[in-house]
Amino acid sequence: MTKVLIENFRGIKHLELDLDETTVLIGENNSGKTAVLDVLRLCLRDLGPRRRVVFDAFDFHLRDAAAEPSSADPIRVEVTFSENAKGDWSDDVTGRLNRQRILQVRDDERSQVLLRVTCAYNVMERDFAQEWAFLNLDGQPLTGISETALGTLQREVAYFYLAALRDAAHHFDAKGPFWRPFLKDSQLPAEKKAEIEQKLREVNDIVVASHTSFEQARNGLRKLQEVVPLASGDVVSIEAVPGRMFDMLAKAQVHLGASTGAKIPVGRHGEGTQSLAVLMLFSAFLEAWPRGAPIVALEEPEA
37 MTKVLIENFR GIKHLELDLD ETTVLIGENN SGKTAVLDVL RLCLRDLGPR RRVVFDAFDF
97 HLRDAAAEPS SADPIRVEVT FSENAKGDWS DDVTGRLNRQ RILQVRDDER SQVLLRVTCA
157 YNVMERDFAQ EWAFLNLDGQ PLTGISETAL GTLQREVAYF YLAALRDAAH HFDAKGPFWR
217 PFLKDSQLPA EKKAEIEQKL REVNDIVVAS HTSFEQARNG LRKLQEVVPL ASGDVVSIEA
277 VPGRMFDMLA KAQVHLGAST GAKIPVGRHG EGTQSLAVLM LFSAFLEAWP RGAPIVALEE
337 PEA
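Take the sequence shown: its letters are residues 37 to 339, numbered as in our numbering.
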């Protein structure tokens, strides 16, 4: 990623930013540093089918106190990917981009891909409309590009954003983009999985039986049958211990040893430790699934 152009996004009216291997953004509060990192996240990670809008009303640049998003100038973002030198990108990468017909070759023989994303209020539909397109070397949209081209580009980069609002629990959640693959990567044979699930159910029965108040709760919940059609038989079960592998793995937590030796969830450690743990998770993800060039965005004080 060598250049980004941003227009009418939040506090940014117009910005052209050349990017190096490492680029440091320095500025006073509310000068647009976070907006740069956010708009790259929207374009490189969140963007999907053309009809699904990733921008919201407050992403538009409001020129004054009376301005409305519906009358604001369109958001425009252009992200340029290019080789530093001819042949930097592998044949596999250029082949995948070429098959999607989005790869361009500059006069200096360096390969380039240019993605443009726009969003504006559509008066006819009374809603925000978003478009994305790949551009040629003259800045004009390429025609006949498949919807899958965007996904191909996004798979070539792994955009990781660690905000200053530290929230390690979010990154280590079952829906976290870099933790979820580890949870899904179970290689247990079916027989072993069934054996483990049977043992989990036995443990759950022991735990539930030790809490007599659970039975009162079950009796109360059974009254749902009088209002809502439910399955026949024992319709209420309490899972103190998940009885299925996928459910158990979804609740898996990472604990780090404190100085006392106690194992504490990563989200309860110090802020700096949380940030480092999240970065190490991203590093582990890249090692386990080595796809896409990593793009890391850090906000202070993590940077």
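Glycine included, C-beta positions come from ideal geometry on N, C-alpha and C.
This structure is a prediction, so every number in the text was calculated from the model and none was measured.
Which stretch, first to last residue, makes up the alpha helix (DSSP H) that contains residue i?
i    : result
R254 : T248 to L257
E231 : A226 to A245
E323 : E307 to A324
R191 : T184 to E192
D128 : D127 to R135
One question on the structure: do residue i and residue j come within less than 9 Å of each other, judged by their Cβ atoms?
i    : j    : result
L236 : G279 : yes
H305 : A313 : yes
A200 : P330 : no
V151 : F117 : Note that residue 151 is Leu in the sequence shown, not Val. The answer is yes: Cβ separation under 9 Å.
A210 : L219 : yes
L73  : Q190 : no
D143 : V89  : no
L83  : V153 : yes
L322 : S222 : no
R132 : T188 : yes
L41  : L198 : no
Taking all protein chains shown into account, do 16 or more other C-beta atoms lie within 10 angstroms of the C-beta of residue i, making it buried, or fewer, making it exposed?
i    : result
V149 : buried
A333 : buried
Q166 : buried
H291 : exposed
L224 : exposed
T70  : buried
L78  : buried
A185 : buried
V159 : exposed
V75  : buried
D340 : The requested residue 340 does not occur in the structure, where the chain is confined to residues 37 to 339.
So which of the options has the shortest CA-CA distance to residue i?
i    : options                   : result
V244 : G47, I274, H97 and E57    : I274
A276 : F250, L322 and I300       : F250
P110 : A294, A93 and N44         : N44
N120 : V290, K39 and L315        : K39
L178 : E145, Q166, I138 and H206 : I138
S147 : N158, S126 and M160       : S126
E114 : D144, F96 and W168        : W168
N255 : I232, V272 and V90        : V272
D56  : F96, M37 and G180         : M37
R99  : D209, H50 and I242        : H50
K229 : M281, L257, H207 and E238 : M281
S311 : A93, R216, E231 and F208  : F208
G68  : R88, L83, D54 and G47     : G47
Y157 : Q176, D54 and A93         : A93
N134 : G212, L53 and E192        : E192
P295 : A102, D283, A103 and T309 : It should be noted that the sequence gives Ser, not Pro, for residue 295. Minimum Cα distance to S295 is reached at T309.
R216 : R258, A108, W325 and D95  : W325
G180 : Q136, L257 and E145       : Q136
V129 : E336, R327 and Q289       : R327
P213 : R86, A320, V302 and A101  : A320
K122 : S107, A108, E145 and E231 : E145
Quick check on the DSSP output: the beta strand (DSSP E) that includes residue i runs from which residue to which?
i    : result
P330 : A329 to L334
A298 : It is not in any beta strand (DSSP E) - A298 carries neither H nor E in the DSSP assignment.
R77  : Taken as a continuous stretch (DSSP letters only), R77 belongs to no beta strand (DSSP E), being part of the alpha helix (DSSP H) at K69 to R77.
A204 : It is not in any beta strand (DSSP E) - A204 instead sits in the alpha helix (DSSP H) that spans A204 to H207.
K39  : K39 to F45
A169 : D163 to F170
- prompt: Is the segment 161-172 in contact with the segment 56-65, if contact means three or more CB pairs nearer than 8 Å?
  reply: no
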